[in-house]
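Visitor: One structure, pasted below without further comment.
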Amino acid sequence: MLDTKKLRPDFPILERQENGKRLVYLDNAATTQKPRKVLDAIQHYYRYHNANVHRGAYTLAVEATDAYEAARTAVAGFVNAWTREAVVFTRGTTESINLVAGSWGRANVRRGDTVVVTAMDHHSNLVPWQILCQEKGAKLRMVEITADGRIDLADYGRALDAKPKLVAFPYVSNALGTVNPAAQLTKLAHAAGAVTVVDGAQSTPHLRADVQAIDCDFYALSGHKMLAPMGSGALVAKPALLEAMPPYHGGGEMIERVWDDRSTWNKVPHKFEGGTPNVEAAVGLAAAIGYLELLGMDRVAEHEQELARIAIERLSQIEGVTIYGPREHRAGVVPFTFGDVHPHDLATILDRDGVCIRAGHHCTQPLMRRLGVAATARASFYIYNDVDDIEALVTAVRKAGELFGVLA
Amino acid sequence: MADLGELYQQTILDHNRNPRNFRRLETANRTAEGNNPLCGDRIHLYVQVDADTIKDIGFQMPQGAGCAISKASASLMTDAVKGKSIAAAEGMFQAFRDMLAGGAHAPGKLAVFSGVRAFPSRIKCANLAWHALHAALQNSAQPVTTESAGDF
């Protein structure tokens with residue numbers, strides 16, 4: 001496991017208290033805390049290099065452009081993108097998927113076509129496809145999950161029989177922790193003639209993601225879930241697809257020449273980056289990638305999986321606790337319920353002990369219906385969490401049980 | 001710092017465990033649905049109004065769709081407004097809202113929710129049933145949500 005004693009001082013926010021207690025931050029699937037290296041990179045950018053990118057003729061602007069484009073190279077390397085031009089900066093996973101739906105989807109999905117999603121998709125990889133299908137008169141097919149929270153491969157096969165235009169699924173489920181067999185799912189989808197959209201929001205921060213090994217067509221990621229600032233993120237896509245796609249947002253930067261009544265488009269990826277980009281976010285994302293690469297993503301994955309294993313073991317010892325998701329192939333996400341204590345009450349009680357967890361539907365309402373719950377509590381881990389955090393969680397859950405009379 | 005005991009008072013825990021008027025009301029002539037999209041809480045409210053008086057009232061929450069605060073608040077609300085005039089019920093709603101916004105305690109048992117003030121993330125839970133009641137009494141067909149009612 002990682003040496004959290006050495007890591008924790010890198011995260012200034014972990015020094016603060018939550019309701020007079022040590023801050024035990026276990027909501028990392030929602031967003032992660034930021035190390036000094038990322039905070040310093042943002043400050044350094046504004047202090048020494050800030051200018052608008054891609055247009056200034058002066059040295060400062062060249063430096064800003066270099067910093068921005070270096071971040072693109074960093075992202076490309078981190079997920080093993082086909083080329084650095086395969087990386088389009090966005091505000092995050094949601095915008096990345098909306099970009100695919102609004103550009104590729106609008107140009108390629110027609111009346112009567114099928115788009116496939118899964119019952120464990122986050123709303124961000126579901127609602128854009130609902131909107132597209134409603135606009136185009138296309139069918140949306142949702143693939144079911146197994147009782148233990150994996151994609152039902154038999155139902156996936158049946159969905160592919162309809163020869164869908166596009167298949168969307170999460171690499172790692174934010175609400176179950178399931179690590180899906182992304183390469184296998186992509187291979188099957190390709191054999192049926194579909195392009196694949198992989199929601200990488202929960203995979204990129206937590207395991208070694210390799211888009212070329214998966215061979216997906218589109219891969220969306222969010223920086224803020226991997227130590228970087230909010231508003232940082234990227235769409236990583238096969239270059240030939242990006243070349244053929246129409247623009248997404250019109251405006252400055254994305255054009256080549258503009259006449260009174262028409263325009264031509266800038267090269268990929270700039271064609272998809274209309275307007276002044278969030279350079280600060282890109283610079284912060286590059287710093288976060290540098291931090292994670294020093295740790296090594298294999299060790300990050302191992303650390304979180306071990307924490308999840310211990311948390312599941314310890315929580316399961318409490319009578320009345322139900323854990324959701326598969327036993328194997330899972331990331332550091334532990335969803336649970338506790339007797340008839342509503343997760344919202346649980347989260348409030350845990351917060352009094354400084355323990356921050358998420359309670360709710362986790363932006364996965366279709367999944368919650370299938371699990372037969374309105375909401376779950378969710379503890380999710382990252383590199384700075386350790387066994388002490390799990391003990392604080394377990395102690396606070398027991399306290400909630402006493403308050404609500406679940407435990408004798 | 002606010003103590004958990006101020007939020008989860010015995011009366012609230014009791015009404016969460018054994019909610020009063022927890023039923024669909026066949027004689028209802030006013031109904032409303034309340035949603036808190038942030039946490040998934042949902043309430044169906046049934047009201048029988050005769051001659052400007054709340055003759056009977058009941059509520060349901062789908063399985064697991066109500067936290068202790070929202071369920072106990074709905075339960076205590078139904079007890080409080082039953083037999084009261086519409087004007088009196090609206091007055092209680094105003095007093096309840098004022099209490100959660102930092103004002104004086106609401107009358108009677110409703111005062112047990114004064115502790116919610118120290119937990120801002122839970123104020124919407126306590127208000128949900130009252131907004132549904134307001135919508136039902138206004139005969140509003142639109143479901144109310146905690147995100148559309150301005151003062152939640």
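Residue numbers (my numbering), protein chains in the order written: chain P, 1 to 408; chain L, 1 to 152. Every residue gets a Cβ at the ideal spot worked out from N, C-alpha and C, and that includes glycine.
(1) Roughly how many angstroms separate the alpha carbons of residue 184(P) and residue 354(P), rounded to a whole number?
(2) For a contact defined as C-beta to C-beta under 8 Å, what are the partners of residue 119(L) on chain P?
(3) Residues of chain L with CB under 7 Å from residue 352(P), in chain order?
(4) Does any CB atom of chain L fall closer than 7 Å to the CB of residue 217(P)?
(5) Checking 7 Å against the spacing of the C-beta atoms, do residue 67(P) and residue 51(P) come in under that value?
(6) With C-beta atoms as the reference, is residue 280(P) less than 7 Å away from residue 58(P)?
(7) Does the distance from the CB of residue 332(P) to the CB of residue 304(P) come in under 7 Å?
(8) Identify the contact partners of residue 401(P) in chain L, using a Cβ-Cβ distance below 7 Å as the criterion.
(9) Tell me whether residue 304(P) sits in a helix, a strand or coil according to DSSP, three-state version.
(10) So residue 30(L) packs on residue 127(L), CB below 8 Å; how close in whole Å?
(11) With 9 Å as the C-beta to C-beta threshold (strictly closer), list the residues of the segment 118-129 of chain P near chain L in chain order.
(12) Can you tell me whether residue 328(P) is buried or exposed, with buried defined as 16 or more other CB within 10 angstroms of its CB?
(13) So, at 6 Å on beta carbons, what are the nonlocal neighbours of residue 150(P) in its own chain, with the 5 sequence-adjacent residues on each side left out?
(14) What are the partner residues of residue 50(P), as DSSP defines its beta bridges?
(15) Given that residue 27(P) touches chain L, what residues does it touch there, using C-beta distances under 9 Å?
(16) What residues are listed by DSSP as bridge partners for residue 139(P)?
(17) Does residue 147(P) get closer than 7 Å to chain C when you measure Cβ to Cβ?
(18) Given a limit of 9 Å on CB to CB distance, which residues of the segment 64-80 of chain L reach chain P?
(19) Please list, in chain order, the residues of the segment 359-373 of chain P that have any C-beta partner in chain L closer than 9 Å.
(20) Only counting runs of 3 or more residues, tell me where the beta strand (DSSP E) segments fall wholly within the segment 174-224 of chain P, in order along the chain.
(21) Do residue 217(P) and residue 241(P) have their beta-carbon atoms positioned less than 7 Å apart in this structure?
(22) With 7 Å as the threshold, decide whether the Cβ of residue 30(P) is near any Cβ in chain L.
(23) Of all the residues that make up the segment 25-46 of chain L, which are near chain P by a beta-carbon distance shorter than 8 Å?
(24) Output, in chain order, the set of chain L residues within a Cβ distance shorter than 8 Å of residue 345(P).
(25) Locate the beta strand (DSSP E) running through residue 35(L), then write down its first and last residues.
(26) With a threshold of 7 Å between beta-carbons, can residue 408(P) be considered close to chain L, or not?
(27) Classify residue 56(P) as helix, strand or coil using the three-state DSSP reduction.
(28) Compute the Euclidean distance between the alpha carbons of residue 92(P) and residue 300(P), then round it to the nearest angstrom.
(29) Closest by CA to residue 125(L), which one among 7(L), 58(L), 41(L), 91(L)?
(30) Excluding the five sequence neighbours on either side, which residues of its own chain have a C-beta within less than 6 Å of the C-beta of residue 128(P), listed in chain order?
(31) Quick check: what's the CA-CA separation for residue 164(P) versus residue 330(P)?
(32) Which residues of chain P have a Cβ atom closer than 9 Å to the Cβ of residue 62(L), listed in chain order?
(33) Start and end of the beta strand (DSSP E) containing residue 376(P)?
(34) Helix or strand or just coil, what does DSSP make of residue 322(P)?
(35) So residue 11(P) contacts chain L; which residues on that side make the cut at Cβ distance below 7 Å?
(36) Within 10 angstroms of its Cβ, does residue 122(L) collect 16 or more other Cβ (buried), or is it exposed?
Guide: For this structure:
(1) 41 Å
(2) 348
(3) What residue 352(P) touches in chain L: 4.
(4) no
(5) no
(6) no
(7) The Cβ atoms of residue 332(P) and residue 304(P) lie closer than 7 Å to each other.
(8) Near residue 401(P) there are no residues of chain L at all, since even the closest Cβ is about 13 Å away, more than 7 Å.
(9) helix
(10) In fact, because the Cβ distance is near 19 Å, the residues do not count as touching under 8 Å.
(11) Those residues of the segment 118-129 of chain P that come within reach of chain L (Cβ to Cβ, closer than 9 Å) do not exist; the list is empty.
(12) Answer is exposed; the Cβ neighbour count stays below 16.
(13) 178, 326
(14) According to DSSP, residue 50(P) bridges with nothing at all.
(15) In chain order: nothing, as chain L lies at least about 13 Å away.
(16) 114(P)
(17) Checking the listed chains, one finds no chain C in this structure; the protein chains it contains are P and L.
(18) For the segment 64-80 of chain L, which is checked against every Cβ of chain P, the residues closer than 9 Å are 64, 65, 66, 67, 68, 69, 70, 71.
(19) For the segment 359-373 of chain P, which is checked against every Cβ of chain L, the residues closer than 9 Å are 359, 360, 361, 365, 368, 372, 373.
(20) 195-199, 218-222
(21) yes
(22) no
(23) 38, 39, 40, 41, 42
(24) 8, 67, 68, 69
(25) In the DSSP assignment, residue 35(L) falls within the unbroken beta strand (DSSP E) covering 30-36.
(26) In this prediction, residue 408(P) scores a pLDDT of 48, lower than 50, which makes its location untrustworthy; the coordinate-derived value is nonetheless stated afterwards. No - not a single Cβ of chain L is within 7 Å of the one on residue 408(P).
(27) coil
(28) If you take the alpha carbons of residue 92(P) and residue 300(P), they lie about 21 Å apart.
(29) 41(L)
(30) 97, 98, 101
(31) 28 Å
(32) 374
(33) From DSSP, the beta strand (DSSP E) with residue 376(P) extends over 376-380.
(34) strand
(35) Residues of chain L passing the Cβ test: none, with the nearest at roughly 24 Å.
(36) buried
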